[in-house]
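Chemist: Before we start, here is the structure in question, set down as structure tokens.
Residue numbers (our numbering): 1 to 251.
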């Protein structure tokens with residue numbers, strides 16, 4: 001009765017939502033007229049095409065963040081793994097480490113986050129959730145890479161140092177969270193902060209890789225050294241970044 005009361009467009013939208021929902025496709029597929037079924041399949045193709053389009057990824061946010069969206073797309077899309085490795089090498093990671101991160105994002109060892117703890121873009125360890133009161137299946141662990149985008153503004157020292165301190169704090173806690181996650185996966189039990197298993201956990205020594213992506217190294221006002229570094233930050237210009245993307249385009 002509800003279906004009969006729907007307008008055609010409402011019906012298509014409703015059925016499309018059911019069609020792509022995990023576990024429901026086969027059950028409801030038999031309800032679809034062939035014409036609507038065809039239309040839904042075409043919409044799914046369009047959705048996939050948009051999801052794999054870098055221009056669409058850029059359009060999902062303001063100009064200040066669209067480079068983070070593009071970078072996240074490069075990191076997560078199966079077709080852009082090799083290009084993402086080249087980008088990480090530009091960010092001064094060794095090739096072996098770059099490949100480890102790129103593959104780890106795809107196999108579930110690491111996760112990509114945007115606007116996490118005010119980081120424009122970061123890569124974190126991916127932990128099975130051990131929290132009893134949370135609906136999320138996975139949560140971020142220790143932070144292994146942070147990228148700060150400076151497209152419309154100039155970076156300043158206090159902000160970058162603040163990010164470093166945030167990472168130190170997150171990674172100290174992240175080491176304990178990793179132990180909690182491992183115990184939960186093995187036993188299915190939730191543990192609290194006073195559990196004996198956490199007492200011997202040392203502060204994390206995991207190194208985080210810091211990247212500052214800016215319009216020009218000459219105008220960032222930080223006194224970048226001849227090695228392209230400002231403190232712990234690897235400073236990369238958008239010109240260098242663009243060359244990597246364009247070089248791939250010509251292959």
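The C-beta atom is built at its ideal place from N, Cα and C for all residues, glycine as well.
(1) Straight-line CA distance for residue 152 to residue 68?
(2) To the nearest angstrom, how far is it from the Cα of residue 105 to the Cα of residue 141?
(3) Below 6 angstroms CB to CB, which residues in the same chain sit around residue 117 once its five sequence neighbours on both sides are set aside?
(4) For residue 158 and residue 231, I'd like the C-alpha separation in whole angstroms.
(5) With distances taken Cα to Cα, identify the nearest neighbour of residue 212 among 119, 181, 80, 84.
(6) Could you tell me the distance, in whole angstroms, from the CA atom of residue 247 to the CA atom of residue 135?
(7) So for residue 214, helix, strand or coil by DSSP?
(8) Please report how far the alpha carbon of residue 258 lies from the alpha carbon of residue 148, in whole angstroms.
(9) Quick one: Cα of residue 93 to Cα of residue 240, how far?
(10) Return yes when the Cβ of residue 138 is within less than 8 angstroms of the Cβ of residue 175, no when it is not.
(11) Going by CA-CA distance only, name the one from 129, 244, 98 that's closest to residue 209.
(12) Along the chain, which unbroken stretches of the beta strand (DSSP E) at least 3 residues long are found entirely within the segment 55-115?
(13) Given that a residue counts as buried once 16 or more other Cβ atoms are within 10 Å of its Cβ, and exposed if not, what is residue 163?
(14) Pick from 244, 233, 74, 245: whose alpha carbon is nearest that of residue 155?
(15) At which residues does the beta strand (DSSP E) containing residue 237 begin and terminate?
(16) Please classify residue 109: is it buried, with 16 or more other beta-carbons within 10 angstroms of its beta-carbon, or exposed?
(17) Residue 83 to residue 100, Cα distance in whole Å?
(18) Excluding the 5 residues flanking residue 150 on each side, which residues of the same chain have their C-beta closer than 8 angstroms to its C-beta?
(19) Express the C-alpha separation of residue 245 and residue 74 in angstroms, rounding to a whole number.
(20) Could you compute how far the alpha carbon of residue 21 sits from the alpha carbon of residue 72?
(21) Considering only their Cβ atoms, is the gap separating residue 171 from residue 143 smaller than 8 angstroms?
(22) Identify every residue that forms a DSSP beta bridge with residue 151.
(23) State the Cα-Cα distance for the pair residue 102 and residue 76, rounded to the nearest angstrom.
(24) Quick one, are the C-beta atoms of residue 235 and residue 91 less than 8 angstroms apart?
(25) Is there a Cβ from chain D that is less than 8 angstroms from the Cβ of residue 80?
(26) Apart from the five residues on each side of it in sequence, which residues of its chain come closer than 7 angstroms, Cβ to Cβ, to residue 124?
(27) Please classify residue 117: does DSSP put it in a helix, a strand, or coil?
Modeler: With the structure as the only source:
(1) Between residue 152 and residue 68, the C-alpha separation is close to 13 angstroms.
(2) Inter-residue distance for residue 105 and residue 141 is about 13 angstroms (C-alpha atoms, whole angstroms).
(3) Closer than 6 angstroms at the Cβ level, and outside the excluded window around residue 117, lie 166.
(4) The alpha-carbon atoms of residue 158 and residue 231 are separated by roughly 12 angstroms.
(5) Out of 119, 181, 80, 84, the CA that lies nearest to the CA of residue 212 is found in 119.
(6) Spanning the two alpha carbons is a distance of roughly 42 angstroms.
(7) Correct three-state label for residue 214: strand.
(8) Coverage of the chain is limited to positions 1 through 251, which leaves residue 258 absent and any answer about it impossible.
(9) Those two C-alpha atoms are separated by around 15 angstroms.
(10) When the beta-carbon positions are compared, residue 175 and residue 138 stay at least 8 angstroms from each other.
(11) Between residue 209 and the set 129, 244, 98, the nearest pair of CA atoms involves 98.
(12) Counting whole runs of 3 or more residues, the segment 55-115 contains the beta strand (DSSP E) stretches 110-113.
(13) Residue 163 counts as buried, since at least 16 other C-beta atoms from the protein chains shown sit within 10 angstroms of its C-beta.
(14) Of the candidates 244, 233, 74, 245, the one whose C-alpha sits nearest the C-alpha of residue 155 is 233.
(15) Run containing residue 237: 233-237, per the beta strand (DSSP E) assignment.
(16) Exposure of residue 109 is indicated by the presence of fewer than 16 other C-beta atoms within 10 angstroms of its C-beta.
(17) Taking the straight line from one Cα to the other gives about 14 angstroms.
(18) Contacts found: 212, 213, 214, 215, 220.
(19) Rounded to the nearest angstrom, the two C-alpha atoms are 10 angstroms apart.
(20) For residue 21, the predicted structure reports a pLDDT of 47, less than 50, and the residue's modelled location is therefore unreliable. A value from the coordinates is still provided. C-alpha separation (whole angstroms): 24 angstroms.
(21) Contact flag set, yes.
(22) Residue 151 is not bridged to any residue.
(23) C-alpha separation (whole angstroms): 8 angstroms.
(24) No.
(25) In the structure shown, chain D does not exist; there is a single protein chain.
(26) Here the set comprises 110, 111, 113, 140, 141, 142, 143, 144.
(27) In the three-state scheme derived from DSSP, where H, G and I count as helix and E and B as strand, residue 117 is classed as coil.
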